[in-house]
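Visitor:
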Amino acid sequence: MPTTMKAIVMRGHGGPEVLREEAFPDPVALPGEALVRVRACALNHLDLWTRKGGAGRSPAFPHILGNDIAGEIAALPAPVDGLSVGQRVMLSPGTSCGRCRMCLSGEDSSCRAYRILGAHVHGGYAGLARCPAANVVPIPDPIAFEEAAAFPLVFLTAWRMLVVRARLALGEDVLVWAAGSGVGMAAIQIAKVIGARVIATAGSEAKLAQARALGADATIDHHQQDVAAEVRRLTGKKGVEVVVEHTGQQTWERSILSLAHRGRLVTCGATTGHDGRTDLRHLFAKQLTVMGSYMGSKADLLDAAALFFAGRLRPVVHEVLPLAEARRAHEIMEASRHFGKIVLKVE
Ligand code: ZN
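Convert by adding 10 to the 1-based position in the sequence shown; the result is the number in our numbering.
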């Protein structure tokens with residue numbers, strides 16, 4: 011008789027109501043993989059896209075969401091150097107073949123076999139999860155599981171955007187949209203560690219205050235103020251060297267207008283729509299660079315994690331809910347009133 015675990019299972023796309031608690035067969039880890047007892051799993055916007063369907067590769071049903079997992083190693087079918095049963099860990103959310111040219115050059119997220127836990131394969135809305143041993147990152151004891159689970163996907167994404175793609179430099183000005191989102195919260199902190207001046211936007215005074223508490227040097231209410239004009243004012247008409255874009259259609263044009271000459275726009279998402287309008291005159295006359303960024307490599311996560319473990323980067327956890335309240339967690343995220351990460355706690 012196979013044993014079962016508690017899991018939030020999706021058997022089709024739809025609203026939060028498609029998330030149902032079930033007894034689901036335990037995953038079986040293979041040699042080279044780890045089986046992890048999930049203690050906490052953070053939500054990401056990707057969970058909403060995966061639940062609704064229609065964005066990229068659809069998972070096979072039944073499906074278990076959850077990209078960001080922290081817990082303890084429950085089993086290692088074959089010994090792995092440096093890992094042991096009972097060890098406290100967080101998981102790198104992207105898996106890849108590990109053998110192709112992209113993987114070997116540290117470009118995991120361009121591997122043709124790239125998969126994201128919880129989006130393309132089963133994730134962490136469950137008692138147990140399995141993943142390749144290469145995805146297992148041990149965490150120091152003082153770091154709580156809820157905090158560790160809130161770290162990987164958004165810090166990995168923001169790290170790749172700012173450090174690897176845009177190469178943000180000391181003393182540059184950076185505009186970060188939607189400070190209350192996971193990527194926004196992570197990008198503000200990474201930009202401050204680099205030594206940039208951060209201008210952050212948010213949609214309420216409470217969120218703007220939280221952005222400043224995280225280190226933002228200046229803030230703009232993107233509902234009430236003209237963001238491009240405010241950026242020009244704050245930078246003495248220069249504009250920012252880098253824009254962190256992850257909202258898409260509603261903000262794209264203003265992002266382009268906010269850039270300084272030779273500025274770089276880096277984007278990792280389009281939560282408000284895919285059709286961003288670009289006036290090409292700005293692109294050539296100001297010699298702008300527009301670049302895409304997608305997730306990041308396992309090495310990117312390790313680089314960011316070193317600063318997390320040293321206390322220099324810290325995920326903001328908005329709320330922790332029990333796994334059984336996954337539906338409510340999705341509703342909170344969709345309402346966009348949160349600042350930082352929503353985390354499910356797995357007993
Ligand atoms: Zn590969």
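No residue lacks a Cβ here, since even glycine has one placed at the ideal position from N, Cα and C.
Quick check: cysteine 141 and leucine 127, are their CB atoms within less than 8 Å of each other?
Guide: Walking along the sequence shown from the start, residue 141 turns up at place 131. Walking along the sequence shown from the start, residue 127 turns up at place 117. Contact flag set, yes.
Visitor: For ligand 1, which residues count as neighbours when the test is a C-beta closer than 5 Å to any heavy atom?
Guide: Listed along the chain, these residues meet the criterion: Ser106, Cys107, Cys110, Cys113, Cys121.
Visitor: Measure the Cβ-Cβ separation of threonine 288 and glutamine 259 and say whether it is below 8 Å.
Guide: Taking the first residue of the sequence shown as position 1, residue 288 is located at position 278. Taking the first residue of the sequence shown as position 1, residue 259 is located at position 249. Cβ atoms of threonine 288 and glutamine 259: not closer than 8 Å.
Visitor: Report all residues from its chain with a CB closer than 8 Å to the CB of alanine 189; omit the five preceding and five following residues, and keep chain order.
Guide: Translated into the one-based positions of the sequence shown, residue 189 becomes position 179. So the qualifying residues of the chain are Met195, Ile198, Ala210, Thr211, Ala212, Lys217, Leu218, Gln220, Ala221, Leu224, Ala226, Thr229, Phe349.
Visitor: What would DSSP say about glutamate 156, mapped onto helix, strand or coil?
Guide: Taking the sequence shown and counting its residues from 1, one reaches residue 156 at position 146. Glutamate 156 falls in the helix class under three-state DSSP.
Visitor: For valine 90 and valine 147, what's the separation of their Cα atoms in angstroms?
Guide: Taking the first residue of the sequence shown as 1, we reach residue 90 at position 80. Taking the first residue of the sequence shown as 1, we reach residue 147 at position 137. C-alpha separation (whole angstroms): 12 Å.
Visitor: Going by Cα to Cα distance, which pick from His256, Leu311, Asp78, Asn77 is closest to histidine 284?
Guide: In the sequence shown, counting from the first residue as 1, residue 284 sits at position 274. It is His256.
Visitor: Does the segment 268–277 come within contact of the segment 201–208, defined as at least 3 CB pairs closer than 8 Å?
Guide: No, the segment 268–277 does not touch the segment 201–208.
Visitor: Whose C-beta lies closer than 7 Å to the C-beta of glutamate 117 among residues of the same chain, with five residues either side of it excluded?
Guide: One-based indexing of the sequence shown puts residue 117 at position 107. So the qualifying residues of the chain are Ser307.
Visitor: With DSSP as the reference, label cysteine 107 as helix, strand or coil.
Guide: By one-based count along the sequence shown, residue 107 stands at place 97. In the structure shown, cysteine 107 sits in coil (DSSP, three-state: anything other than H, G, I, E or B).
Visitor: By DSSP, does methionine 343 sit in helix, in strand, or in coil?
Guide: Within the sequence shown, the letter at position 333 stands for residue 343. Three-state result, methionine 343: helix.
Visitor: So what's phenylalanine 318 in DSSP terms, helix, strand or just coil?
Guide: Mapped onto the sequence shown, residue 318 falls at position 308. Three-state result, phenylalanine 318: helix.
Visitor: Near alanine 168, what residues of its chain come up, given a Cβ to Cβ distance below 6 Å and the 5 sequence neighbours on each side ignored?
Guide: Walking along the sequence shown from the start, residue 168 turns up at place 158. Excluding sequence neighbours, alanine 168 sits near Val193, Ala196, Ala197, Ile200.
Visitor: Given a cut-off of 8 Å on the beta-carbon distance, is the pair cysteine 51 and valine 252 in contact?
Guide: Numbered from its first residue, the sequence shown carries residue 51 at position 41. Numbered from its first residue, the sequence shown carries residue 252 at position 242. No, the pair does not count as a contact, with Cβ atoms beyond the cut-off.
Visitor: Is the beta carbon of valine 48 less than 8 Å from the beta carbon of leucine 138?
Guide: Counting from one through the sequence shown, the residue named residue 48 turns up at place 38. Counting from one through the sequence shown, the residue named residue 138 turns up at place 128. Their beta carbons are under 8 Å apart, which means valine 48 touches leucine 138 by this criterion.
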